[in-house]
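Heads up: the structure comes next, in structure tokens.
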Amino acid sequence: MNTSARAGGTSAAQSPGALPAPAIKAAGSWVTMLARTLKTCRLYDAGNPAVVRFRDELRQATHQLVEAHGALKFRFTRDDVLCGEQSLYPARSRDDNLAYPFHRDGVRSLTLNPGIEPGEVDLLVDSLLAVTGTHLDDGDLVTLLWEADLRHVDVEFVPAEGDVGSTTSAAEAEGALMPWPEGEDEEPPAPEAAPAPQAQAPATTAPSGRSEDWLLGDVTVEVEATYAELDTLAPGETERFRREFAAEHKVPGVIAALAIATACLHAEARAEDQGELAAFLPRVLRGALSAGAWNEAREALRTLRALPASAWSNETFVQELLQPVAVAQVVERLDQQEPAALGAFIALAAEVGDAGVDWMTLSLSESQRHGTRQVLAEAIAATCRENPERLAPWLSDQRWYVVRNIVHILGWIGGPGVVGLLQVALRNPEARVRSQVVAALAQVDLKLARPLLVRALEGADTRLFCQVLSRLSGARDPATARFLVAFLQQERFAQRPGEERRAIYAAIASTGGDEVVSDLEEELVRGNWFDRSLEIHRHNVARCLARSGPASARATLERALQSKRTPVRQAAVAALNTLREAA
Amino acid sequence: MSELPHDPPDGIDLDAAGGSLVLRLSALMRTARTYDVSNQAFRRQLTDFAAVLRQVFAEEDEATIVVVETYLYLNGVRIRAHSALVGAYHALIGDFERRQVGGLRFLAGVSDSEIERFFQVFVAAEDAALAERLHEALAEAAIEHVQVVPASELDADDLARELEEQHTPQAERARARKVFWRAVHGTRKVLLRTRQNGRPDLRQAKRLVQPIVDNIMKHEYSIVGLTALKEHDEYTYAHCVNVAVLSITMGQQLGLSRQALADLGVAGLLHDLGKMSVPGDVLRKPGALSSEEWALMRRHPIEGALMISRMPGLSTVMLDSMRACLEHHMNYNLTGYPEVGLEWGQATMSRIVALSDCFDAITAHRAYHKRPMTAFEGLQILLGPNRVNFDPAVLWALVRSVGLYPAGTVLQTSSGHVVLCTSPNPQDVTRPHCRVLVRPDGVSPEDDEPEMWDPMPPGERAHRVLFPEEHGISTSDLLAA
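Residue numbers (the working numbering), protein chains in the order written: chain A, 1 to 583; chain B, 1001 to 1481.
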């Protein structure tokens, strides 16, 4: 790129007014195409098909334009793009003013030269997008174009120094702006010739004292010899220097920033310096968070907290941390990182303090990667093991999957402390949450879990129903057994899905004892000579009696062997056979 | 091109009058920006300016001051930019450029009130939109005896364009002067804004450095020669530019990329920001500092780093600049100040900035000595026993950048010529570009037709380094011309 201030570029672009009509027309089309591409790029992601197509068309159009018409110079006024003094793109509105960012940043003309490469067109577009977007960094358009180093684009711009006198301050008027030492304090050295090259020069004494703020040392007369020595070493030394330079600049910005801030703190810093750094470190902290540099973020946080009273507010920081946008950014990084890096994140969350749990929970809810979720959930469980109540607020989250995650974690924590929380979760309208509660209850003593499990049966679908009964089957319990037998006695029992019925039989067998034998016997002999529909039920009840195990149940079955009704006898025989086989 | 040079008339010395006019005009412009026309300060400047105009009108019918290339002319006679004038000289060129004018013509008969009205309009025309309507505005204000000479009339753009394309040493020197003085004036603005806002304007700093990088990247080292100019009012700002120029040149010698050179230049430009927080009487003090004063001075690196920390973002250039501020008085061998701890080493960029700063500062004219230390003496110190303070690669790059006989050094050559080194020769550090001051026969070349060695011929070599004062040589005036 040729950049020149005011004086103009070096290209041989046509002089204004000398352009033929076809060139003007083609230039106008190109400008329209540029504006269209910029608008589309602002609206959509880089991968959007429209963006890809428009960028590609602009690249081709640029190449064709300069190949067909030679170098073309576009001038920018406040509200128009001109070529050969012809208006090409007058501002249509405040938002549709292509010339404005050029003019605002001091670019007065742009000349496209033959040979322009597709990459240069892309860089031009990117630079324009950078100065018209919402996120403006340190560069204006002139700087961005300079950094892009476009070889086939000449840029004319106004000098940046602007009105050098307009900001004259009282301080400057008094000459107080970084003045240099004045006056004399030392006698001049002897008026003899200064040391001459090599051996001809006598050594003089270097002026003593200080020069400005530099301490001076002795001189050498061996200037050429010393340089020759340096020159001999130069290949190796410059190579070493470049290696060091490259290594320094490979370090991510936040790490460097934190290191510099730490150095400043150790560099004879005063209390007010610490206050200044307390204003800088939050930026480092945010930068570290957005870069996924968790260790640096933790270090920044620690340093900030160690600083004396400042404008830094932990509460504000936590609020910021929990914002959806911030969480999404963090999760994006987490999902890209290796599991080892997640440890650093967990450590950072611990450093954040109590709110770290909420931060991890939100991150867990947004993460799309199993590995990340697993690590986060384990960390939350470990953090809240002693105080599972800390997770209570999350059980009323609107998002069912967030609640499910928490229930899952509560399950890991287990113990009596989570029962109350699981009871709350059990009221969640989402079946998947309730199902998770049932699963979590496996980690709770069955005695404590039973009431919840029983409650979970209300309105449960088949899957959950079976799951609950499976949990309830964990140990014998007369109350549960009686509760379950009541299912058998319901009129609609026969209408229940087969899985549910099987689950009820199995659960009664596992939980029941003497207390349900009589009820089961009633079920065993229920029906009449002509009702064949209960035969399967009868067999299952008989098996329940057999598997439930008490002597009274066996006696009941043996009595059934004496029944005058064949189906009853057959059911008893089958059940006792099963029992014998099992024995 | 009616204002191009012609033979000076007898009587008034237009060069001297032009110098006074430039000083007064520049001061008037500066005052008019700050104060209202009714203010005493402005009225005083106006009176002084009118007095100089009257001197010119005693002999001439008009006083036309124009800029052509990088020179100012009064009624066709080139005004020489001697060292005391150089700051105002280039500030005025900048003022004309920003208003897109080639110059100003004051006609005999102009009244103070007309001059006053003119400056009201002219100062406001710094805004680009108003500049385009300057002629219209002057007509509306009924200003008849002051005219604006359009830039187009002088073909200044064409001249500048030709200048860009020429590869002669003269054209290179002209380009260098333009870039250098723009940077000096821009730096002044950056520092003033820093004072006002408490943090520097990084965008502005970047823009100032880019042309310097372009210049150096083209292996045009004339700009390095300009760093030897120390005796002028703008030295406070020029020191920052000098450090940037030297750093960029050294960075190029060390093989850094274009972008890295730009970042290095910004770091060099901003390295001394912290001095704004050191009391002026400590900075100005000519003698040795007391322990309290020294403690204040030692704080400027950290103060500078803190000022930069106030800038938004965490860009590479910001961090490099912050580090250069903090570390530019540290040494490669872990000595220097401020003390951070054994683990903390000076960054590569900081090493370059530190050496550039040291070289420029120790040769500064106000450096506590009646006789300013020459650049050659500065080099003798840096290459002396204390060279362990510097990275050898960086020290090598400094000598490659400024040469063994840096700009401003007066030499007697093997053939008996007395020459002033004007800029380094990257091809051969022992044979700089020179201006011949005295030929072996004792004759000095005419000022108007200087004899330049671009560079020193291969047959010549430095025989003896001279103290310029002994020979009545004002190196600053010669370098500034």
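Beta carbons: idealized from backbone N, C-alpha and C, even for Gly.
As the structure is a computational prediction, the values presented were derived from the model and not from experiment.
Please confirm if Leu593/A has its CB atom under 8 Å from at least one CB of chain B. Past the boundaries of the shown model lies residue 593/A; chain A is included only from 1 to 583, so the question cannot be answered.
Can you give the Cα-Cα distance for Pro49/A and Thr37/A, rounded to whole angstroms? Residue mapping note: residue 49/A aligns to position 49 of the first sequence, counting from 1. Residue mapping note: residue 37/A aligns to position 37 of the first sequence, counting from 1. When rounded, the distance between both Cα atoms is 12 Å.
Tyr1237/B, DSSP secondary structure in three states: Counted from its first residue, the second sequence places residue 1237/B at position 237. Residue state, collapsed to three classes: helix.
Return the Cβ separation of Ala1407/B and Thr1227/B in integer angstroms, given the expectation that the two are a contact with Cβ distance under 8 Å. As a working note, residue 1407/B is residue 407 in the second sequence. As a working note, residue 1227/B is residue 227 in the second sequence. With 8 Å as the limit, Ala1407/B and Thr1227/B qualify as a contact, their Cβ atoms being about 7 Å apart.
Cβ of His1433/B within 8 Å of Cβ of Pro1455/B? Here residue 1433/B refers to the residue found at position 433 of the second sequence. Here residue 1455/B refers to the residue found at position 455 of the second sequence. Yes. Within cutoff.
Tell me which residues share the same chain as Arg1207/B and place their Cβ nearer than 8 Å to its Cβ, disregarding the 5 neighbours each side in the sequence. Translated into positions along the second sequence, residue 1207/B becomes position 207. If we look at Arg1207/B and ignore the five residues flanking it on each side, its Cβ neighbours are Gly1186.
Could you pull out every unbroken alpha helix (DSSP H) segment of at least 4 residues lying fully inside the region 369 to 441 of chain A, listed in chain order? 370 to 384, 400 to 413, 419 to 425 and 431 to 440
Beta-carbon gap between Trp312/A and Leu322/A smaller than 8 Å: Within the first sequence, numbered from 1, the residue matching residue 312/A stands at position 312. Within the first sequence, numbered from 1, the residue matching residue 322/A stands at position 322. The answer is no: Cβ separation not under 8 Å.
Inter-residue spacing [alpha-carbon to alpha-carbon] between Gln1147/B and Tyr1071/B: For the purposes of this step, residue 1147/B is taken as residue 147 along the second sequence, with counting starting at 1. For the purposes of this step, residue 1071/B is taken as residue 71 along the second sequence, with counting starting at 1. For Gln1147/B and Tyr1071/B, the distance between alpha carbons rounds to 20 Å.
Using the Cα positions of Leu301/A and His1328/B, report the straight-line distance between them to the nearest angstrom. Residue mapping note: residue 301/A aligns to position 301 of the first sequence, counting from 1. Residue mapping note: residue 1328/B aligns to position 328 of the second sequence, counting from 1. Each residue's Cα considered, the two are about 28 Å apart.
Helix, strand or coil: how does DSSP classify Trp312/A here? Taking the first residue of the first sequence as position 1, residue 312/A is located at position 312. Reduced to three states, the DSSP call for Trp312/A is coil.
Can you tell me which residues form a DSSP beta bridge with Phe74/A? Within the first sequence, numbered from 1, the residue matching residue 74/A stands at position 74. DSSP, once it has assigned bridges, lists Leu110/A as partnering Phe74/A.
Of all the CB atoms in chain B, is at least one closer than 8 Å to the CB of Pro308/A? Counting from 1 along the first sequence, the entry for residue 308/A is found at position 308. Taking Cβ atoms only, chain B never reaches closer than 8 Å to Pro308/A, which makes this a no.
Element boundaries [beta strand (DSSP E), containing Val1340/B]: Locating residue 1340/B in the second sequence gives position 340, where the first residue counts as 1. Looking at the DSSP string, Val1340/B is not in any beta strand (DSSP E), and its letter there is neither H nor E.
Out of Asp1263/B, Ala1176/B and Glu1114/B, which one is the CA nearest neighbour of Leu1202/B? Counted from its first residue, the second sequence places residue 1202/B at position 202. Measuring from the Cα of Leu1202/B, the nearest candidate turns out to be Asp1263/B.
Taking C-beta pairs closer than 7 Å, name the residues in chain B that Pro388/A reaches, listed in chain order. The sequence position of residue 388/A within the first sequence is 388, counting from 1. What Pro388/A touches in chain B: nothing, since even the nearest Cβ is about 39 Å away.
From Thr462/A to Val403/A, what distance separates their C-alpha atoms? Reading the first sequence from its first residue, position 462 is the one you call residue 462/A. Reading the first sequence from its first residue, position 403 is the one you call residue 403/A. One C-alpha to the other measures close to 22 Å.
Completely contained beta strand (DSSP E) runs for the region 1382 to 1459 of chain B, where each covers 3 or more residues: 1410 to 1413, 1418 to 1423 and 1433 to 1438
Bridge partners of Tyr1071/B, per DSSP? Counted from its first residue, the second sequence places residue 1071/B at position 71. DSSP lists Val1068/B as partners of Tyr1071/B.
Between the region 239 to 268 of chain A and chain D, which residues of the former have CB atoms less than 8 Å from a CB of the latter, in chain order? In summary, chain D is missing from the structure at hand, where the protein chains are A and B.
What does a CB cutoff of less than 7 Å around Glu187/A pick up in its chain, not counting 5 residues either side in sequence? Here residue 187/A corresponds to residue number 187 of the first sequence, with the count starting at 1. Its pLDDT being 44, under 50, Glu187/A is placed unreliably by the model, and nothing is read from it.
With a CB to CB cut of under 7 Å and the five nearest residues on each side skipped, what residues in its chain are close to Leu150/A? Translated into positions along the first sequence, residue 150/A becomes position 150. Once the five neighbours on either side are set aside, the close Cβ partners of Leu150/A are Met1, Glu120, Leu123 and Leu124.
For Thr383/A and Val437/A, the rounded distance between their alpha carbons: For the purposes of this step, residue 437/A is taken as the residue at position 437 of the first sequence. For the purposes of this step, residue 383/A is taken as the residue at position 383 of the first sequence. Computed Cα separation, rounded: 20 Å.
Selection of the region 1299 to 1311 of chain B by Cβ proximity to chain A, strictly under 7 Å: Ile1302, Ala1305, Leu1306 and Ser1309
Does the beta-carbon distance from Leu364/A to Ile380/A come in below 8 Å? Reading the first sequence from its first residue, position 364 is the one you call residue 364/A. Reading the first sequence from its first residue, position 380 is the one you call residue 380/A. In contact: Leu364/A and Ile380/A (Cβ atoms closer than 8 Å).
Answer yes or no: do Leu524/A and Ala571/A have a C-beta to C-beta separation smaller than 8 Å? Translated into the one-based positions of the first sequence, residue 524/A becomes position 524. Translated into the one-based positions of the first sequence, residue 571/A becomes position 571. Closer than 8 Å, so yes.
Quick check: Val517/A and Pro567/A, are their CB atoms within less than 8 Å of each other? In the first sequence, residue 517/A corresponds to position 517, counting from 1. In the first sequence, residue 567/A corresponds to position 567, counting from 1. No, they are not a contact pair.
Residues of the region 274 to 302 of chain A whose Cβ lies closer than 8 Å to any Cβ of chain B, in chain order: Glu276, Leu277, Ala279, Phe280, Arg283, Val284 and Gly287
Give me the Cα-Cα distance between Phe1096/B and Leu1025/B, rounded to the nearest whole angstrom. Here residue 1096/B is taken as the residue at index 96 of the second sequence, counted from 1. Here residue 1025/B is taken as the residue at index 25 of the second sequence, counted from 1. Cα to Cα, the separation comes out at about 12 Å.
For Ile1093/B versus Leu1021/B, is the C-beta spacing smaller than 8 Å? Reading the second sequence from its first residue, position 93 is the one you call residue 1093/B. Reading the second sequence from its first residue, position 21 is the one you call residue 1021/B. No, the pair does not count as a contact, with Cβ atoms beyond the cut-off.
Near Leu561/A, which residues of its chain fall below 8 Å by C-beta distance, leaving aside the five closest residues on each side in sequence? The residue given as residue 561/A occupies position 561 in the first sequence. Correct list, in chain order: Arg569, Ala572, Val573 and Leu576.
Own chain residues within Cβ distance below 7 Å of Ala271/A, not counting five before or after: Here residue 271/A refers to the residue found at position 271 when the first sequence is read from its first residue. The answer, listed in chain order, is Pro308.
What does the Cβ neighbour count give for Ile536/A, buried or exposed, with the cut at 16 atoms within 10 Å? Here residue 536/A refers to the residue found at position 536 of the first sequence. Flag for Ile536/A reads exposed.
Where DSSP assigns a beta bridge to Cys83/A, which residues make up the other side? Residue numbering aside, residue 83/A sits at position 83 when the first sequence is read from its first letter. For Cys83/A, which the question treats as bridged, DSSP gives the partners Gln86/A.
For the beta strand (DSSP E) containing Arg1078/B, list its first residue and its last residue. Stepping through the second sequence from its first residue, residue 1078/B is reached at position 78. Run containing Arg1078/B: Val1077 to Ile1079, per the beta strand (DSSP E) assignment.
Helix, strand or coil for Gln1380/B, going by three-state DSSP, please let me know. Within the second sequence, the letter at position 380 stands for residue 1380/B. Three-state DSSP puts Gln1380/B in a helix.
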